[in-house]
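What follows is a set of notes on a single structure, which appears directly below.
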């Protein structure tokens with residue numbers, strides 16, 4: 362499917378499948394004891410993509426895919442990246458920062474699984490379909506956020522700063538920001554510049 366500046370997605374379509382891929386990798390890394398994301402596998406199952414469901418559950422082993430698939434390397438990469446940003450966010454909280462913004466949050470579950478100091482607000486920004494899917498799935502799992510979670514369903518190619526302010530973001534407060542994986546080819550090149558300008 363060709364990308365346009367107006368396309369949309371959810372975790373089972375287009376760019377959204379990347380969120381499911383990363384959640385699959387987090388499920389495998391959790392099983393291996395590299396990170397702790399107990400919600401990754403249930404989110405992958407809820408997305409309903411057979412290949413990812415089989416890999417996340419262990420029904421299909423990465424070794425069965427052959428040496429040249431790169432999936433094992435991706436899993437390791439995502440595990441290291443996840444651990445790095447988990448520590449980055451936790452360290453920011455310990456340093457007194459009480460606002461976090463996760464751009465293109467996908468199926469990330471940090472507002473549910475990380476330790477956050479009292480009074481911390483975590484803003485998750487992604488496509489409305491992705492945000493709604495994750496919110497519904499986490500409610501169905503009866504999981505409560507460990508921070509004040511504010512889900513912002515907005516396209517990052519649009520006026521996302523305004524949407525962020527509408528849900529309570531205080532631009533004058535110290536904030537930790539992450540854009541994990543956002544700038545590696547999922548958006549059209551001129552969109553990167555606009556996103557950073559905003």
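Residue numbers (the working numbering): 362 to 559. Note that beta-carbon positions come from the ideal geometry of N, C-alpha and C, so glycine has one too. Quick caveat, the model's predicted, so the values are computed rather than measured.
Annotation: residue 389 to residue 522 spans about 34 Å, alpha carbon to alpha carbon.
For residue 487, the enclosing beta strand (DSSP E) covers residues 482-487.
Beta-bridge annotation (DSSP): residue 461 is paired with 483 and 537. Residue 513 sits away from residue 531, with the two beta carbons spaced by 8 Å or more. Here residue 514 is bridged, per DSSP, to 487. Going by C-alpha positions, residue 408 is about 13 Å away from residue 496. Straight through space, the alpha carbons of residue 454 and residue 509 are spaced by roughly 13 Å.
In this structure, the CA atom of residue 434 is about 12 Å from the CA atom of residue 426.
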